[in-house]
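Residue numbers (this note's numbering): -14 to 330. Glycine included, every Cβ here is placed at the ideal spot set by N, Cα and C. Remember, it's a predicted structure, so these values are computed and weren't measured experimentally. One structure below.
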Ligand SMILES: Nc1ncnc2c1ncn2[C@@H]1O[C@H](COP(=O)(O)OP(=O)(O)OP(=O)(O)O)[C@@H](O)[C@H]1O
Ligand SMILES: [Mg+2]
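Below, the structure written as structure tokens:
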């Protein structure tokens, strides 16, 4: 017991949000110490076809679309699941080493927030890679729970709390009461699907193909979940599909709004269904307390207003939607005695 608290004192516990788009690491007393895109750049063709990791994070993301043939930039997590085990492990290992260095005398305890839908096998893989990366103890937590704690919702009380986490790969909804998940659902619609919808719309309407990063930039610059009153315009570059040459086009906010309709409707439907499935006592609480949103996707302009307009329930975005999940996970590690029930077995 004494030894354990001594170890706890010397080690720097870490919380990790292993996301489809971004991986964040939070360290007690230091805050968010790592915030990197979940991308790994690898070189093929070593001995026995082994892949050699060249870079991870933003360095790797910059290489996207700018690499010679022998190098590829991989997103090891897709649609909220692990698409490439080996590279997920490498990425975790490199990022943990980077923040942990040899600062501490003891190996850290680590809590990792994983997508709600990951399988038993994937959980084991995540746990093992953290152990291989030097973790002393590894805990896993589901995204809706971590998000609710990070958002400061009173999850230990007997009240219904509705949390909506819109990430790059998935949208997860959770209803939480008394430290337990009463209802949860995950769909593979998030920021990536929004980008795809914008690119498809522009291809159909302008015969121009734009890259996924351009689509994301359009979404962030002029995306809107409500019909724009005084529409803005921006220029975007792509490839003309008829003549095969580079082309610059002007895109209006109305077009992006229309393009985003389908993915947004899918998100609204997930919330509607959760409200329907929720036990009546708890839905009463949610009507009173509203819906809390986290995740990068919740930053889409007017998404809160759209949900309110469609479902008649007050909706708010937390102050720092990109960090809420990792901060919530970190709080669980700080209060592990009190919050032990919220970690995944
Ligand atoms: N201002 C903005 N407006 C709309 N979308 C945004 C904005 N800023 C970031 N995003 C989107 O947020 C997404 C990333 O969010 P986040 O980092 O929460 O995802 P993640 O946790 O990695 O994914 P997941 O939870 O699905 O595994 C990206 O799709 C990004 O384009
Ligand atoms: Mg996330």
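Counting only residues of its own chain and dropping the five nearest sequence neighbours on each side, residue 136 has a CB closer than 8 Å to the CB of 148, 277, 279, 303, 309, 313. In the same chain as residue 288, and ignoring 5 residues on each side of it, the C-beta atoms closer than 6 Å to its own belong to 210, in chain order. At a Cβ-Cβ threshold of 7 Å, residue 329 and residue 125 count as neighbours. Sorted by chain position, residues whose beta-carbon lies closer than 5 Å to a non-hydrogen atom of ligand 2 are 4, 152. Rounded to whole angstroms, residue 5 and residue 99 show a C-alpha spacing of 10 Å. The Cβ neighbour count for residue 270, taken over all protein chains shown within 10 Å, is at least 16; the residue is labelled buried. Residue burial annotation: residue -2 is buried, with at least 16 other C-beta atoms found within 10 angstroms of its C-beta.
Linking residue 79 to residue 28 through their CA atoms gives a straight-line distance of about 16 Å. Look at residue 10: its beta carbon is at least 6 Å from all of the heavy atoms in ligand 1. Within the same chain, Cβ atoms closer than 7 Å to the Cβ of residue 286 are found at 208, 209, 210, the five residues on either side in sequence being excluded. With contacts defined as CB atoms closer than 7 Å, residue 11 and residue 311 qualify as a contacting pair. Close CB contacts of residue 192 within its chain, under the 8 Å cut and outside five residues either way in sequence, are with 225, 226, 227 (chain order). Taking all protein chains in view, the Cβ of residue 242 is crowded by 16 or more other Cβ atoms within 10 Å, so the residue is classified as buried.
Inclusion of residue 173 and residue 69 in the CB contact set at 7 Å is not warranted, their separation being larger than that value.
For residue 6, the Cβ falls inside the 6 Å cut-off from some heavy atom of ligand 1. Taking 7 Å as the cut-off, the beta carbon of residue 156 is found closer than this to the beta carbon of residue 255.
Annotation for residue 161: 133, 140, 146 place their beta carbon closer than 6 Å to its own, counting only its chain and skipping 5 residues before and after. When secondary structure is reduced to three states using DSSP, residue 308 falls in the coil class, being assigned neither helix nor strand.
Judged by their CB atoms, residue 24 and residue 60 are nearer to each other than the 7 Å cut-off. With contacts defined by Cβ atoms closer than 7 Å, residue 248 and residue 178 form a contacting pair. Between the alpha carbons of residue 253 and residue 158 lies a gap of roughly 11 Å. Using a Cβ distance threshold of 7 Å, residue 97 and residue 195 do not count as a contacting pair. If the five residues before and after residue 237 are omitted, its C-beta is found closer than 7 Å to the C-beta atoms of 216, 218, all from its own chain and listed in chain order.
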